[in-house]
Amino acid sequence: MLNVPRCASVAILVLQLLLSAMVAAAPADQWTKRSIYQIVTDRFALGDGTSPSCNIGERKYCGGTWQGIIDKLDYIQEMGFDAIWISPIVENVEGVTDGGEAYHGYWAQNIYSLNPHFGTADDLRSLSNALHQRNMYLMVDIVVNHLVAVPTSNTWPQSFDYSLLQPFGGSNCFHPECFISDYNNQTDVEQCWLGYSGLPLLDLDTENATTVNTMYSWIKDLVSDYSIDGLRVDTVKHVRKDFWPEFAANAGVYTVGEVLIGDVPYAAPYTNGLDSILDYPTYFAVYNAFTSGGNMATIADMVTQAQDQYNHGTFYVGSFVENQDNPRIPSIVSDNSIIRNAMTWPFINDGIPILYYGQEQGYKGGNDPANREALWPSGFNTEDNPLFAHVQALNAARKYAIASSPAFLLSKARFIPQSSASSTLAVSKSPLLALLTNGGSSSTESWSIPNSAGLYSANETLVDVLTCNTVSTDADGNLNVMAKNGMPQVLIPARLLSPSGSLCAGQAQGL
């Protein structure tokens, strides 16, 4: 990686940008065919195969490494994933801070060095190579908004050892110290600091041309050096919007940003600078519907807004129901059918599905740090594990839909109105029809798909690929389906399934 000087010479930085090598791009339209398994590197697997204790409440490193991920790629691929998203890779603040250790990777201190807790540069390149040999993609989490240094004084403004903050090294590279006090003031959001006095996140001055060009050069080199296929970008709304288009152009790969808000009109402009965003507005609607008995119709309302307002609609968004910043679904509800319905959502709508590690093992962690558990105590169980099998079936169904219908990735999900709209959702994305409910395992919900929806012909057999059970339309082409213990259903016409295929072959009626 090029060693860019501290906030000094714009001319030198521009020259370095011109000389940086181009990388083979993995654009957004290639990512739409993928499904992503999200990993907190420190908590996934150790390279030596051991299973040490991990006290998540201590907020300390537990030992996960990039080599550990390599050793468990069979496990990830067996679920049907063909991309992984790993936590930030650069060197973080060392030692125990007011917020614990930086095991999560979001407290960068030197963006030109790797975090030695996770391995070496060769280890990271080995991970990238191992993924590519399996036709899998590597997404890396990055932080652009801030760096972290422990205060050296308790005075105000605070003092820091700026020499630790590489390659910047001077206070002129950062916005003046002020903590965000008004999230309705966008200037405050973009130019004041996250964190608090005990652990301040020093906000990079992304109006400073030298700082900006440093970041543009850094991301181009990072992607090239480690053959990265995509980037998840942290704290995007805390950086001015017009910073992002050129940043994404320098990255040259799919960029998906975190804009932590439940408001589509606020989030939508960020899809013009980056390829897309993590779809937090829909996440909040889904989370509320499945954990608090909220109205399922709000999911359809939110998605419809996003389809209309996001650049590229919702085809490029990251679709998720759990991640490292939000409580896991089972931390709120224990009903297995509700959990499975929620897990189904990311795989049956327009977005790119993301599964947070541990969902397949039924992890129940609440707010940070409880939702950042070590995975190795699970034994990476694949046998007699209904959630693991559920994820396999969802990935298989989506991949089948992509392979069998060229229009699948470019057709908007449709919502078929239901009389019990508060507790049921019918999502059509041909050839899939997903029937979801938040009624729970004792519910008696039903769905009605009229022939006017134009989905099916008379007396047509449909297969629920999650169970391989069948249902049929009536003589007029209407479909009426009852809930089975409140479980989700993902239906595909039997005529489209092959008896020689791997998806419910026993019920297939195709050639």
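FYI, in mature numbering (1 follows the signal peptide of the UniProt record, and there is no 0) the residues of the sequence shown are -25 to -1, 1 to 486. Every residue, glycine too, gets a C-beta built ideally from N, C-alpha and C.
DSSP lists 456 as the beta-bridge partner residues of residue 422. When the five nearest sequence neighbours on each side are left out, the beta carbons in the same chain lying within less than 8 Å of the beta carbon of residue 445 are those of 436, 437, 438, 439, 469 and 482, in order along the chain. In this chain, residue 217 is not harboured by any beta strand (DSSP E), its DSSP state being neither H nor E. According to the DSSP assignment, residue 404 belongs to no alpha helix (DSSP H) but to the beta strand (DSSP E) extending over 399 to 404. Contact between the region 12 to 32 and the region 350 to 360 is present, with at least three C-beta pairs closer than 8 Å. Residue 291 sits in coil when the DSSP states are folded into three classes, being neither helix nor strand. Residue 390 is bridged by DSSP to 402.
With respect to the 8 Å criterion, residue 187 and residue 206 are not classified as neighbours on the basis of their beta carbons. Rounded to whole angstroms, the separation of the alpha carbons of residue 115 and residue 390 is 33 Å.
Going by DSSP, residue 277 is part of no beta strand (DSSP E) but of the alpha helix (DSSP H) stretching over 272 to 284.
Taking the Cα positions, residue 247 is about 9 Å away from residue 219. According to the DSSP assignment, residue 197 belongs to the alpha helix (DSSP H) that extends over 184 to 200. Straight through space, the alpha carbons of residue 185 and residue 307 are spaced by roughly 46 Å.
In this structure, 117 is the residue among 139, 117 and 298 with its C-alpha nearest to the C-alpha of residue 208. Burial check for residue 127: the Cβ neighbour count within 10 Å stays below 16, so the residue is exposed. When DSSP reads this structure, residue 121 sits in a beta bridge with 178.
Closest in alpha carbon position to residue 265, among 485, 414, 62 and 182, is 414. The alpha-carbon separation between residue 464 and residue 93 amounts to approximately 40 Å. An exposed status is given to residue 131, since fewer than 16 other beta-carbon atoms sit within 10 Å of its beta-carbon.
DSSP places residue 445 outside any alpha helix (DSSP H); the residue lies instead in the beta strand (DSSP E), whose first and last residues are 444 to 447. If you draw a 10 Å sphere on the C-beta of residue 234, you find 16 or more other C-beta atoms in it, and that means buried.
For residue 261 and residue 294, the gap between their C-alpha atoms comes out near 11 Å. In this model, residue 258 and residue 136 are separated by some 39 Å (Cα to Cα). Excluding sequence positions up to five before and after residue 181, its CB lies within less than 7 Å of the CB of 187, 214, 215 and 218, all in the same chain and listed in chain order. For residue 144, the closest alpha carbon among the candidates 104, 189 and 455 is that of 189.
In this structure residue 365 is buried. Its beta-carbon is surrounded by 16 or more other beta-carbon atoms within 10 angstroms. If you look at residue 299, you'll find it isn't in any alpha helix (DSSP H); DSSP assigns it neither H nor E. Restricted to the region 319 to 364, the beta strand (DSSP E) segments that are unbroken, complete and at least 3 residues in length are 327 to 331, listed in chain order. Annotation: the continuous alpha helix (DSSP H) that includes residue 103 extends over 96 to 108. Taking each of 69, 122, 85 and 452 in turn and checking the Cα distance to residue 168, the smallest one comes out for 122.
Under DSSP, the beta-bridge partners assigned to residue 60 are 13 and 114.
The three-state secondary structure of residue 205, taken from DSSP, is strand. Per the Cβ contact rule, the region 414 to 431 is in contact with the region 452 to 467 (3 or more Cβ pairs under 8 Å).
Annotation: the continuous alpha helix (DSSP H) that includes residue 263 extends over 255 to 266. Per DSSP, the unbroken alpha helix (DSSP H) holding residue 162 starts and ends at 161 to 166. Here the alpha carbons of residue 102 and residue 449 stand approximately 52 Å from one another.
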